[in-house]
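**Q** Okay, handing you the structure first.
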Amino acid sequence: MRWPVTAVLSDDSVSKRSDRYLDLTTEQWTLAEELIKILQPFDVATTLLCAEKTATISYTLPILYGLLQHLTPAQEDNATIAAFKTTVKKEIEERWGLNNLDASSCLLLSSILDLRFKPLKFLTNGLLEAVKTELCNRMENIPESLIESVSGIEQCPPEKRCKSAFDILLGDEEDSSTGLENDTILGEVTKYLEEKPIPRSDCILNWWKINSPTYPLLAIIARGLLGIPSTSATSERIFSIAGLTVTKLRSALKPSNVDALIFLNKNYELL
Numbered sequence: 001m002r003w004p005v006t007a008v009l010s011d012d013s014v015s016k017r018s019d020r021y022l023d024l025t026t027e028q029w030t031l032a033e034e035l036i037k038i039l040q041p042f043d044v045a046t047t048l049l050c051a052e053k054t055a056t057i058s059y060t061l062p063i064l065y066g067l068l069q070h071l072t073p074a075q076e077d078n079a080t081i082a083a084f085k086t087t088v089k090k091e092i093e094e095r096w097g098l099n100n101l102d103a104s105s106c107l108l109l110s111s112i113l114d115l116r117f118k119p120l121k122f123l124t125n126g127l128l129e130a131v132k133t134e135l136c137n138r139m140e141n142i143p144e145s146l147i148e149s150v151s152g153i154e155q156c157p158p159e160k161r162c163k164s165a166f167d168i169l170l171g172d173e174e175d176s177s178t179g180l181e182n183d184t185i186l187g188e189v190t191k192y193l194e195e196k197p198i199p200r201s202d203c204i205l206n207w208w209k210i211n212s213p214t215y216p217l218l219a220i221i222a223r224g225l226l227g228i229p230s231t232s233a234t235s236e237r238i239f240s241i242a243g244l245t246v247t248k249l250r251s252a253l254k255p256s257n258v259d260a261l262i263f264l265n266k267n268y269e270l271l
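Read in order, the letters of the sequence shown correspond to residues 1 to 271 in UniProt numbering.
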């Protein structure tokens, strides 16, 4: 838009002479062109994260680290561009706490459970072990009722056993079932982490639906994490629709009718 702006500001019939100072210098226009190139990935990231049907929270960390790669200063950058990249990169790292990722973070765990973004380059060996421990702990704490409802397998009650002579002399036998369960859980996590990445165009929810028999406990964790949207854009769009529905000419609508209209607007494709 450089030349249209310059033409308008230089036309006495449109703009005042006192407004000509608003035009940018050649150096400023060149700087603006460079900034547009830097900000273009942010525009793509915003569009991707605000998608209504496909964007899950697992997108967040891979996209953030992708932006950080674009913000790495290059040798051909001038001082202003290099300072801009450094400042924005620092702000992203501080805002999202990327230098102190916690293994219990939903952002991190959801990214781990999304094979489209494997390998995760920001995942250090120490953090990987912490994530494996966190996943195992969550899998151990899954309620039995939830496991039964998902798998449909009925748990048999434990058999009652009378004490033997050894039990009387040596004490009760130690229960080894916990260790076996822990080994099974750790094996499930380890096997999943060895899975090959899938194409980024695939739907990770469909992948988990197909592979849930292979990873039954981990699939429950994935269902809870990958169902979280990456942004609040979807809910904000509903407020916008409500504003377009309730206007001055339709101010007498009952709340129940407004709810029904908004519901139909957002779900008519499904209906």
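Glycine included, every Cβ here is placed at the ideal spot set by N, Cα and C.
This one's a predicted model, so the numbers in the text were calculated from it and none came from an experiment.
So if DSSP puts Pro229 in a beta bridge, which residue, or which two residues, is it bridged to?
**A** Pro229 pairs with Thr56.
**Q** Give me, in chain order, the residues of the same chain whose beta-carbon lies closer than 7 Å to that of Val189; leave out the 5 immediate sequence neighbours on both sides.
**A** Lys132, Leu135, Cys136, Leu218
**Q** Counting Cβ pairs closer than 8 Å, one from the stretch 214 to 229 and one from the stretch 105 to 121, do we hit at least three?
**A** yes
**Q** Measuring alpha carbon to alpha carbon, tell me which of Ala51, Gly126, Ala32 ends up nearest Pro229.
**A** For Pro229, the nearest C-alpha among the options comes from Ala51.
**Q** List in chain order: all unbroken alpha helix (DSSP H) runs of 4+ residues lying wholly within the stretch 77 to 160.
**A** Counting only runs of 4+ residues, the alpha helix (DSSP H) found wholly inside the stretch 77 to 160 occupies 79 to 96, 106 to 112, 125 to 140, 144 to 151, in chain order.
**Q** Which stretch, first to last residue, makes up the alpha helix (DSSP H) that contains Thr214?
**A** Premise fails: Thr214 is in no alpha helix (DSSP H) and is neither H nor E.
**Q** Distance check for Leu101 and Ala242, CA to CA, integer angstroms please.
**A** Roughly 38 Å separates the two Cα atoms.
**Q** For Cys156, I'd like the list of residues in its chain whose CB is within less than 8 Å of its CB, leaving aside the five on either flank, ordered along the chain.
**A** Unreliable placement is indicated for Cys156, whose pLDDT of 44 sits below 50; no coordinate value is reported for it.
**Q** Taking the C-alpha atoms as reference points, what is the distance between Phe84 and Leu61?
**A** 21 Å
**Q** For Leu107, which residues in the same chain have their Cβ closer than 7 Å to its Cβ, ignoring the five residues on either side in sequence?
**A** Beyond the five residues adjoining it in sequence on each side, Leu107 comes within less than 7 Å, by CB distance, of Ile57, Thr60, Leu61 in the same chain, given in chain order.
**Q** Look at the alpha carbon of Val88 and the alpha carbon of Glu144, and state the distance between them as a whole number of angstroms.
**A** 46 Å
**Q** Taking all protein chains shown into account, decide if Met1 is buried (16 or more other Cβ within 10 angstroms of its Cβ) or exposed.
**A** Around the Cβ of Met1, a 10 Å sphere holds fewer than 16 other Cβ atoms; the residue is exposed.
**Q** Out of curiosity, what's the CA-to-CA distance linking Gly187 and Thr214?
**A** 11 Å
**Q** Once you ignore the five residues that flank Ile92 on each side, which residues in its own chain have a CB closer than 8 Å to its CB?
**A** Leu64, Leu67, Leu68, Leu71, Leu98
**Q** Between Ile81 and Leu35, what straight-line distance do the alpha-carbon atoms span, to the nearest angstrom?
**A** 7 Å
**Q** Have a look at Trp96 and Glu236 and give me their C-alpha separation to the nearest angstrom.
**A** 22 Å
**Q** Measure the beta-carbon distance from Val258 to Thr247 and round it to whole angstroms, keeping in mind my assumption that it falls under 8 Å.
**A** The Cβ separation is near 11 Å, so there is no contact.
**Q** Looking at Val8: is its Cβ nearer than 8 Å to the Cβ of Ser18?
**A** no
**Q** How is the alpha helix (DSSP H) around Ala32 delimited, first residue to last?
**A** 26 to 49
**Q** Ile221 by DSSP, collapsed to three states: which one?
**A** helix
**Q** Please list the terminal residues of the continuous alpha helix (DSSP H) segment that includes Pro197.
**A** First-last for Pro197: undefined, no H or E at that position.
**Q** Short of 7 Å in beta carbon distance, which residues of its chain neighbour Ala45, apart from the five on each side in sequence? Order them along the chain.
**A** Ile63, Leu67
**Q** Report the option in Gly126, Tyr192, Pro4 whose CA atom is closest to the CA atom of Trp29.
**A** Pro4
**Q** Going by C-alpha to C-alpha distance, which of Asn125, Lys118, Gly126, Lys53 sits closest to Ser232?
**A** Lys53
**Q** Thinking C-alpha only, which one of Ile262, Asn265, Thr6 is nearest Asp23?
**A** Thr6
**Q** Where does the unbroken alpha helix (DSSP H) through Lys266 begin, and where does it stop?
**A** 255 to 267
**Q** Determine the burial state of Phe263: buried for a count of at least 16 other Cβ atoms within 10 Å of its Cβ, exposed for fewer.
**A** exposed
**Q** Can you give the Cα-Cα distance for Leu127 and Ala103, rounded to whole angstroms?
**A** 7 Å
**Q** Following the continuous alpha helix (DSSP H) through Thr247, name the residue where it begins and the one where it ends.
**A** That residue, Thr247, is in no alpha helix (DSSP H); it is neither H nor E in DSSP.
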